[in-house]
Amino acid sequence: MKSWVPLEKDDTSYQSISSILEREYEPRTVEDLKNEPYPQNIIQVCFFDINIADTYGSSGAGYDLIVEDGSIFTPVNPLIYEDYVYQCDMLRKNNDGTCTVVVVPSLDNEYTVLIKKYPLASITFRQKPYSSDMHLNTAFRHYISISDDILPQRWSLNQTLSNDVSLVTNECSLYLAPSSIPDAGYGVYTTRLIMPGQSIVTEDAPIIIVSDSTAHNKGEDVVWSVIDYAWTGSANDMILSFNIGALANYHTVLSNMKPHAVSDGPHDYSSSVDDPSHGAYTIERGYDFVATKAIFPGEEIFADYGESWLDTRPDSFADHIPRFIHYNHAVAVLKTMKNDSDVGKFPLNESTYSLVFNTVKSLNSLVAQTLPRTVSEMQENIATDDSDMIRNKLAKRSITVAQHTVEWVKENGLCIDNITPGMSTVSHAGKGAFATRFLAKGSIISPAPLVQIPDLKSLFMYELIKRDDRKRIFRKDDNPIGSQLLLNYCFTHKDSELLLYPLTNVILINHCSSRMAFDGHCSLQGPNAKVQWAGSWESGNKEWLNKSLEEIYELTAVGMRGLSFDIIATRDISKGEEAS
Amino acid sequence: MNERVASILPVTTAELSNLEEIKYPADLEPMAARLATSTIKHTQQNLDWIYENGLCMDNVRAEPSTIPLAGYGAFAARFLSKGELITPSPLLHVMEPYENISNQLLVNYCFGHERSSILLCPMSALVLMNHCSRRMQHSEGACDPANGPNAEVRWATDWYPSNKRWLNMTLSELHEMYMSEKSGLAFDVIALRDIQADEEVSTFP
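One line per chain: the protein sequences are A and B, in this order. Under the working numbering, think of the first position of the first sequence as -14, with each following residue one higher. Under the working numbering, think of the first position of the second sequence as 191, with each following residue one higher.
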């Protein structure tokens, strides 16, 4: 929307359109206007009836709307949507109540039409486009408020909306909590309203790329669960994203977010090749995630990895997840039953419904999984005839997806937006984690579900060669020359081969050793956070901490994970302070 | 061949013979008109049916408001007794007002609530009615602080059958409806006291 600036009080160059029309201005010729122009916000227009031929043509009032080249004037693209009104200049007045006008029939002034005898009385005035007071960007805009007692309770949000719904509020709005999909581990929930196109998070923790992993590991399948948290990159790269990008569960029907392209590309923060930190941290930026559907407070955020994500996991849980097509089949079955029942062709009752249900189940258990179990539940789901809505309703059935309240999320969840990426205050450290709000001493800064890499050697890098006859690259020999960047983000102990890396923004937290001289926030008082094994929310910890490396290796091979850290504030951390 | 063509064809031979009175192909237009009327209910102009089943839509007319600087207002076209329905008002609901139309003039004509993301835009003469808040001190015109508004906005009664179900929907469900371009909510504007012909109607939501 364009806007205009109101004029000073004593400026007479602007006149309201109603005052102009009331005064019944005499139209002025181009010549007259040189001496006596109209107010700057007023344009002169020529009016045409929609049925122009009937009104003005030879059979009508007798006005000659023949244009210069002999054709009949046909209005197109009216300036304003009221019949046909075009900006026009008057060249001269004739003494029979007509005039000669130049009409500008299109807004872009592409061409003009000369009309020799145009009725003077059909000339009138309009506001110039974008000059009316409704274009003032300061104009009053507010809905009429309905009273509290007629606002249905279910429409009420737990927040007061303003025109500026700011992303980072003082209250936590992204939580890690048990997924609303049964047995799907943890998922990400929002406690604020996010409208389609709005950001869920403006900058997730940076991406880390694991390059040529297959070649470095001699083409063998590496036993790690990293793959479950990776987005596909180019042929040889795995893109590891963190936080929302890693923690959000997948749902084929209910997916409500997507990564948003960012113009802000990779940044190499080190100043020269001599810089000791050269290559020591990822130069990639984190994804922005935007909502593709409205996400309401208390709802889980679902990513759309694409169904191919399920295809890459044969003989696993993925085989038991209904795909989009199964939902569509279910919608078709329900609609057929309803339509036939409506016209009396099908007696819909519990026994006929259960017959249909069992038939579907024996043919395709995945379709059956999405179907309601009872007639009354079925009728609730097909109260609408809109297929998209029925599919959504089926996907949201309480058996498949639990409906949680904001209170439930706050009670059962852990805040994951307490820290956000920013440029570290520690030199040569790249990005760091900054507090988005005050974090009291002893509170959890962030939970950190961990992905385990049971064999440190799987991150080793070797010299790679391209064999002439093939496009693929291969490891030249067995002498490691380096390690994947991911290693710098893993927690381990010198006596162990087990690597653990966090899935949340904890990945951003720089290390502040008390043994070394650091600058930035770290130099002032030493670290302000500590790492400890997670509290009771991570049910796996107790069991996994008693497992041998071999057992962890076995569990990793079948795609399990079960260890988590909590990052605890060791002193009060103020908003904007870097956590280390 | 085509379901839409089939849906307008006569179903019985009796219906067909009805059409045969019209000569084909000379009278193509009357035949099309006959087919068209056969697809809609209540084609006979039955005034009794309209009186019984309809709601009056011309109880108010537009004229410059008696409230200073308020633009147009709604004026009673006839005497309206206390408790009477002044105008029915089906609503279009906008679920992303802050994204789409927060700066548009339309917002001033719609209903909302500070704790909800829904915006309800009337499709009837309700848009004409000026709002008369009890909190405000108007000294002139229809919104006289001594009397207050003479009309009230309520959720529609049974004449708008979908209302009841829609009022029980969650914001998420309403949003789905919005995305599939469906509407199903309505207000009733009810006279809070007797309103004389030519008196301006002002509402209190």
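Cβ coordinates follow ideal geometry from the N, Cα and C atoms, glycine included.
Here the alpha carbons of Q388/A and F281/A stand approximately 11 Å from one another. Beyond the five residues adjoining it in sequence on each side, F309/A comes within less than 6 Å, by CB distance, of T237 in the same chain, given in chain order.
Contact annotation: S130/A and E304/B have beta-carbon atoms nearer than 8 Å.
When DSSP states are grouped into helix, strand and coil, G230/A belongs to the helix group.
Residues of the same chain with a CB within less than 7 Å of the CB of T277/B, apart from the 5 flanking positions on each side, are M247, N249, V250, S314, A315, L316 and V379 in chain order. Residues of chain A with a Cβ closer than 7 Å to the Cβ of H283/B do not exist, since the nearest Cβ in that chain sits about 10 Å away. By the Cβ test, the region 407 to 422 of chain A is not in contact with the region 328 to 348 of chain A, since fewer than three Cβ pairs between them sit closer than 8 Å. Within the region 265 to 289 of chain A, the residues whose Cβ lies closer than 8 Å to any Cβ of chain B are, in chain order, K278, A279, F281 and E284. Assigned with DSSP and collapsed to three states, E371/B falls in coil, not helix or strand. Within chain A, P137 have C-beta atoms less than 7 Å from the C-beta of L357/B, given in sequence order. Membership of Q72/A in any alpha helix (DSSP H) is not indicated; the residue belongs instead to the beta strand (DSSP E) covering Y69 to K78. Using a Cβ-Cβ distance cut-off of 8 Å, the region 429 to 438 of chain A and the region 188 to 197 of chain A are not in contact, since fewer than three pairs of beta carbons, one from each stretch, lie closer than that value. In the DSSP annotation of this structure, the continuous segment of the alpha helix (DSSP H) that includes A353/A starts and ends at S350 to T355. For M374/A, the closest Cβ of chain B is nearer than 8 Å. Contacts between W345/B and chain A, judged by CB atoms closer than 7 Å, involve I135 in chain order. Between the alpha carbons of V391/A and Y160/A lies a gap of roughly 10 Å. Going by beta carbons, S271/B and M285/B fall outside the 8 Å limit. Within the region 246 to 262 of chain B, no residue has its Cβ closer than 7 Å to any Cβ of chain A.
Taking a Cβ-Cβ threshold of 8 Å, the residues of chain B close to I131/A are F301, G302, H303, L310, V343 and P395, in chain order. Interface criterion not met: the Cβ of S336/A is under 8 Å from no Cβ in chain B.
One alpha carbon belongs to T477/A, the other to L485/A, and they sit about 6 Å apart. Among the CB atoms of chain B, none fall inside 8 Å of the CB of P114/A. Counting C-beta pairs with one atom in each stretch, the region 282 to 297 of chain A and the region 489 to 498 of chain A have fewer than three that are closer than 8 Å, which means they do not touch.
With a cut-off of 8 Å on Cβ pairs, the region 167 to 178 of chain A is not in contact with the region 438 to 448 of chain A, counting fewer than three such pairs. In the three-state reduction of the DSSP assignment, W140/A falls in the helix class. With a cutoff of 8 Å on beta-carbon distance, T359/A and L379/A are scored as not near each other. A straight line joining the alpha-carbon of L441/A with that of E482/A spans about 5 Å. In this structure, the alpha-carbon of N531/A lies about 38 Å from that of M242/A. Minimum Cα-Cα distance from T256/B among the listed residues W239/B, M319/B, A376/B and E274/B corresponds to M319/B. In the DSSP assignment, T85/A forms a beta bridge with R77/A. Counting along the chain, the unbroken beta strand (DSSP E) around W345/B starts and ends at A341 to W345.
Beta-bridge partners assigned by DSSP to S392/B: N320/B.
Fewer than three beta-carbon pairs drawn from the region 194 to 202 of chain B and the region 162 to 171 of chain A are found closer than 8 Å, and the two stretches are therefore not classed as touching. In the structure shown, the three-state DSSP call for I224/A is strand. Chain A has a Cβ within less than 8 Å of the Cβ of S307/B. Within the model, the alpha-carbon separation for T85/A versus L76/A is close to 6 Å.
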